[in-house]
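Peer 1:
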Amino acid sequence: MILLDTNILIEVYKKNQSIKDVVTSIGQNNLCTSVVCAAELYFGAFNKKELIGIQKDISLIKIYPIETSISLLALDLIRQHVLSNRVNYADFLIAATCIHHQLPIYTLNKKDFKFMPGIQFYK
545 MILLDTNILI EVYKKNQSIK DVVTSIGQNN LCTSVVCAAE LYFGAFNKKE LIGIQKDISL
605 IKIYPIETSI SLLALDLIRQ HVLSNRVNYA DFLIAATCIH HQLPIYTLNK KDFKFMPGIQ
665 FYK
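In the working numbering, the protein residues as written are 545 to 667.
1. Alpha carbon to alpha carbon, how far is ARG623 from CYS633? Give it in angstroms, no decimals.
2. Measuring CB to CB, does ILE607 end up less than 8 Å from ALA582?
3. Going by beta-carbon coordinates alone, are GLU584 and THR612 separated by less than 8 Å?
4. State the Cα-Cα distance for the pair LEU595 and TYR586, rounded to the nearest angstrom.
5. Taking the alpha helix (DSSP H) that ILE607 belongs to, which residues open and close that run?
6. Between which two residues does the beta strand (DSSP E) harbouring LEU575 extend?
7. LEU652 bridges to which residues according to DSSP?
8. Based on the DSSP secondary-structure assignment, which residues constitute the bridge partners of LEU547?
9. My understanding is that LYS654 touches PHE636, with C-beta atoms under 8 Å, so please give their C-beta distance in whole angstroms.
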């Protein structure tokens with residue numbers, strides 16, 4: 545399984561062909577995301593039609609919830625890195641999801657995650 549970061553999902557919606565090709569090559573059964581990324585997509589909807597489309601599309605892949613262990617791992621990552629790396633809370637939750645489930649992340653923002661021990665990147 546490969547966890548798709550919000551920026552990858554947005555690029556798919558923008559019809560970025562190179563990103564779409566990579567996502568297609570991974571295969572739908574190997575795609576997942578975090579509930580945080582799904583929520584960020586919903587917040588980006590401009591109208592009801594877009595919201596319904598996002599809901600339909602996101603339901604096609606596995607969405608990992610925020611479990612207690614993920615929240616605690618995110619809190620630990622924040623404690624360790626907040627002074628040296630000003631990444632937003634959502635990215636710590638996404639990283640904790642990847643680390644906890646041992647999932648590589650496909651993202652365009654590696655700088656937001658590269659300092660976190662245990663994070664693996666796809667591509």
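Glycine included, every Cβ here is placed at the ideal spot set by N, Cα and C.
Predicted model, so just to flag it, every value in this text is computed and none were measured.
Peer 2: Quick answer:
1. The residue given as residue 633 occupies position 89 in the sequence shown. The residue given as residue 623 occupies position 79 in the sequence shown. Rather than Cys, the amino acid found at residue 633 in this sequence is Tyr. In a straight line, the C-alpha of TYR633 is about 11 Å away from that of ARG623.
2. Walking along the sequence shown from the start, residue 607 turns up at place 63. Walking along the sequence shown from the start, residue 582 turns up at place 38. Against a cut-off of 8 Å, the Cβ pair of ALA582 and ILE607 comes out as a contact.
3. Numbered from 1 along the sequence shown, position 40 holds the residue referred to as residue 584. Numbered from 1 along the sequence shown, position 68 holds the residue referred to as residue 612. Going by C-beta atoms, GLU584 is not nearer than 8 Å to THR612.
4. Position 51 of the sequence shown holds residue 595. Position 42 of the sequence shown holds residue 586. Cα-Cα distance, rounded: 6 Å.
5. Mapped onto the sequence shown, residue 607 falls at position 63. If you look at ILE607, you'll find it isn't in any alpha helix (DSSP H); it sits in the beta strand (DSSP E) that goes 606-608.
6. Locating residue 575 in the sequence shown gives position 31, where the first residue counts as 1. Judged by DSSP secondary structure, LEU575 falls within the beta strand (DSSP E) whose first and last residues are 575-578.
7. Within the sequence shown, residue 652 is the residue found at index 108, counting from 1. Its beta-bridge partners do not exist; DSSP assigns none.
8. Your numbering for residue 547 matches position 3 in the sequence shown. DSSP, once it has assigned bridges, lists CYS576 and ILE649 as partnering LEU547.
9. Taking the sequence shown and counting its residues from 1, the one referred to as residue 654 is at position 110. Taking the sequence shown and counting its residues from 1, the one referred to as residue 636 is at position 92. Cβ atoms of LYS654 and PHE636 stay farther apart than 8 Å, at about 15 Å.
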